[in-house]
Amino acid sequence: MNHIKIAIIDYEMGNLRSVANAFDAIGYGASIVQNPNDLSQFSHIVLPGVGAFGDGMKNLRSSGWIDVLEREIIEKRKPFLGICLGMQLLATMGTEHGLYEGLNWISGTVKKIESNDPQIRVPHVGWNDVLFLKKSGLYKDLENSQAFYFVHSYVFDVKDKSSVVSGLTSHGIEFISSIEKDNIYATQFHPEKSQKIGLKVLENFIKSTVKTNA
Amino acid sequence: MLKKRLIPILLLKNGLLVRSELFKIHQIIGNPIYEVKRFNEWNVDELIYLDISKNDEYDLRRDDHKVQGLTDSVSILDEVSRTCFMPLTWGGKICTVEQMQQVISRGADKITINTSAVENPKLITQAANLLGSQAIVVSIDVFRDESGEMEVYINGGSQPTGLKPENWAKEVQERGAGEILLNSINRDGTGMGYDLELINIVASNTKIPIIACGGVGRYEHYAEGIKAGASAVAAANIWHFKELSDRGGKRALSKAGIEVRV
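In structure tokens, the structure reads:
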């Protein structure tokens, strides 16, 4: 397992410590990486993040992350996990407090959860079921549906759903709670905050991707 | 479907865990870190920490807690986030966005503000712009006078504000709060159950999730809070004085027809 080196991208968006602690707990040390030039040394790349879409992209751009991420993940095909905002940033466009361009690795738009039902409160906070559509990657060895912890107001509306969606959740609308495309994995929920079941998803991310190491 | 949440609240005073009654009496009941580990093993939904110390002196003189050198309250977060993989909300004496960032960077997912939100309502918007609404919980403490009139109080329930709870709740939502932690001062530590009228009036005037708090004495009280409009039900004392209080609470909610995570 010496060749597994996990990088957590620090672009000043939220609670990175929890993600690092979660990887520690399952026996894989993870490093919080502040300098894009260091990224080539790592085998697995995690983009966490809470906060607004526009700020997230601005921070990635101003610290020089975008080209490096594209080289390591799109060209070298290193396993990648986006969490929450880190999933949304993969989109073509974000609509939170104005229109912002995303990384555009997966076509689609990030939109606010809207509902007229007074029972459907936004932000969507708490434990909700994820229906698994793919059982090979993150959800290997899990039952068909499990509850994970969510805390968000926006969702990623992927354009070509059939090929990349791995999990679905409903909260007033049905939305995409995880995606899987080649070496790119992403979850709208927080595995690092989803107790034992969340740690299992992180472990699956490492284990299912070891062979594809660049 | 989104589950209704059951949340333990840990009250910290000078570094020690306390139970509270009517916001006035605070009895020391133990070590905060030990208690958190127990909750983690129980797989609880979420955890809220409120630091209700009146000054910045921390008393960790007890030798039964096995944690040394906790010099400030936030360092408890470092310890907790190392072993607990559940959502954490931290509150108490937060007045600036810099303090919020510090708390988040040390492992909290959400911060909660109370007095500072009333004194400086712009802080809510600044915080929401920086950290996202989902990270900002505004805590509202409500006191009823003898005629039953409800009013928002600050500074640990000691100072009236002239604000009506439903109006203040609407305002914090408009300013960018992501959740409301709603506490009844009159019910605190009494075990009489939630102030259901208060929950109902605040929930029906807002669209963000309401976490109800204050008054739980029996597990059956939780379902009443949900039915009055809360998205999550919280309590402090009952978690410390009953065995298996997570399972007992969840079972009572489930029995009342409410979907919870088991």
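For the record, the sequence lines run as chains D and B. Going by this note's numbering, the first sequence opens with residue 67, and the numbers climb by one from there. Going by this note's numbering, the second sequence opens with residue 76, and the numbers climb by one from there. Ideal Cβ placement from N, Cα and C applies to all residues, glycine included.
Own chain residues within Cβ distance below 7 angstroms of residue i, not counting five before or after
i                        : result
alanine 280 of chain D   : Model confidence at alanine 280 of chain D stands at a pLDDT of 45, short of 50, so the residue's coordinates are unreliable; what they give is reported in the following sentence. Cβ neighbours of alanine 280 of chain D beyond the five flanking positions: Lys142, Arg143 and Lys144.
alanine 183 of chain B   : Leu152, Leu163, Thr164 and Trp165
glycine 323 of chain B   : Tyr294 and Lys317
glutamate 78 of chain D  : Asn125
alanine 298 of chain B   : Ala327, Leu328, Ala331 and Ile333
isoleucine 84 of chain B : Ile123, Leu125, Cys288, Ala309, Ala310 and Ala311
proline 16 of chain D    : This structure cannot speak to residue 16 of chain D, because chain D is shown only from 67 to 280.
threonine 168 of chain B : It should be noted that the sequence gives lysine, not threonine, for residue 168 of chain B. Excluding positions up to five away in sequence, the list reads Asp126.
valine 277 of chain B    : Pro240, Glu241, Ala244, Ile255, Leu257 and Ile285
alanine 118 of chain D   : Glu162 and His163
leucine 199 of chain D   : Val231, Ser232, Gly233 and Leu234
asparagine 17 of chain B : Residue 17 of chain B cannot be examined here, being either before or after the span of chain B that is shown, 76 to 337.
lysine 177 of chain D    : Thr161, Tyr220, Val221 and Asp223
Any C-beta of chain D under 8 angstroms from that of residue i
i                         : result
methionine 161 of chain B : yes
glutamate 272 of chain B  : no
serine 156 of chain B     : yes
alanine 209 of chain B    : The amino acid occupying residue 209 of chain B in the given sequence is glutamine; alanine does not appear at that position. At least one chain D Cβ lies under 8 angstroms of glutamine 209 of chain B.
arginine 250 of chain B   : no
methionine 76 of chain B  : yes
aspartate 184 of chain B  : yes
arginine 80 of chain B    : yes
arginine 219 of chain B   : no
Residue i classed as buried or exposed, judged by whether at least 16 other C-beta atoms fall within 10 angstroms
i                         : result
proline 189 of chain D    : buried
glutamine 254 of chain D  : buried
proline 257 of chain D    : buried
isoleucine 100 of chain B : exposed
valine 276 of chain D     : exposed
glutamate 240 of chain D  : exposed
lysine 141 of chain B     : Annotation note: pLDDT 39 at lysine 141 of chain B (below 50); position unreliable, coordinate value reported separately. The residue is exposed, with fewer than 16 neighbouring Cβ atoms inside 10 Å.
glutamate 121 of chain B  : buried
glycine 237 of chain B    : exposed
arginine 127 of chain D   : exposed
lysine 325 of chain B     : buried
glutamate 224 of chain B  : exposed
leucine 338 of chain B    : The question about residue 338 of chain B has no answer, for chain B in this structure spans 76 to 337.
Where residue i meets chain B, residues with beta-carbon distance less than 8 angstroms
i                         : result
leucine 265 of chain D    : Phe160
valine 231 of chain D     : None at all; the shortest Cβ gap to chain B is about 19 angstroms.
histidine 190 of chain D  : Leu77
tryptophan 193 of chain D : Leu77, Lys78, Arg80, Asp120 and Arg336
Residues of its chain near residue i, where Cβ-Cβ distance is below 8 angstroms and the 5 sequence neighbours each way are ignored
i                         : result
asparagine 258 of chain B : Ser214, Ile215, Asp216, Val217, Cys288 and Gly289
lysine 266 of chain D     : Asp207 and Leu208
serine 156 of chain B     : Leu163, Arg181, Gly182 and Ala183
Cross-chain neighbours of residue i in chain B, by beta carbon under 9 angstroms
i                      : result
glycine 168 of chain D : Chain B residues near glycine 168 of chain D: none, gap ~16 angstroms exceeds 9 angstroms.
lysine 262 of chain D  : Asn118 and Phe160
alanine 91 of chain D  : Arg157, Thr158 and Phe160
Beta-carbon proximity list for residue i, same chain, < 6 angstroms, skipping 5 on both sides
i                           : result
asparagine 275 of chain B   : Ala303 and Gly304
alanine 202 of chain B      : Val172, Met175 and Ile211
aspartate 173 of chain D    : Here residue 173 of chain D is serine; the residue named in the question, aspartate, does not match the sequence. Cβ neighbours of serine 173 of chain D beyond the five flanking positions: Thr158 and Lys225.
phenylalanine 89 of chain D : Ile72 and Ala96
proline 184 of chain D      : none
isoleucine 74 of chain D    : Leu82, Val85, Ala86, Ala96, Ile98 and Val112
Closer than 8 angstroms to chain B by CB, residue i
i                        : result
asparagine 87 of chain D : yes
glutamate 258 of chain D : yes
glutamine 100 of chain D : no
serine 236 of chain D    : yes
glutamine 154 of chain D : no
alanine 157 of chain D   : no
Proximal residues of chain D, C-beta to C-beta of residue i below 7 angstroms
i                       : result
arginine 181 of chain B : Arg83
Within chain B, partners of residue i - CB distance below 7 angstroms
i                      : result
glycine 187 of chain D : Looking at the sequence provided, one finds arginine at residue 187 of chain D rather than glycine. Chain B residues near arginine 187 of chain D: Lys282, Ile283, Pro284 and Ser306.
alanine 96 of chain D  : Chain B residues near alanine 96 of chain D: none, gap ~13 angstroms exceeds 7 angstroms.
Cross-chain neighbours of residue i in chain D, by beta carbon under 8 angstroms
i                      : result
leucine 206 of chain B : Gly80, Val116 and Gly117
Quiz item: Mind listing which residues of the segment 195 to 224 of chain D have their C-beta closer than 9 angstroms to chain B's C-betas, in chain order?
Solution: Under the 9 angstroms Cβ criterion, the segment 195 to 224 of chain D contributes Asp195, Ala213, Tyr215, Phe216, Val217, His218 and Ser219.
Quiz item: Got a sec: which bits of the segment 102 to 133 of chain B sit with their beta carbon under 7 angstroms from any beta carbon on chain D, in order along the chain?
Solution: Answer set for the segment 102 to 133 of chain B: Asn118 and Asp120.
Quiz item: Listed in chain order, which residues of the segment 118 to 141 of chain D have Cβ atoms closer than 9 angstroms to some Cβ of chain B?
Solution: Contacts with chain B (Cβ-Cβ distance below 9 angstroms) from the segment 118 to 141 of chain D involve Ala118 and Asp121, listed in chain order.
Quiz item: Given a limit of 9 angstroms on CB to CB distance, which residues of the segment 253 to 264 of chain B reach chain D?
Solution: Of all residues in the segment 253 to 264 of chain B, Gly253 and Glu254 have a Cβ within less than 9 angstroms of some Cβ in chain D.
Quiz item: What residues in the segment 313 to 329 of chain B bring their beta carbon closer than 8 angstroms to a beta carbon of chain D?
Solution: For the segment 313 to 329 of chain B, which is checked against every Cβ of chain D, not one residue is closer than 8 angstroms.
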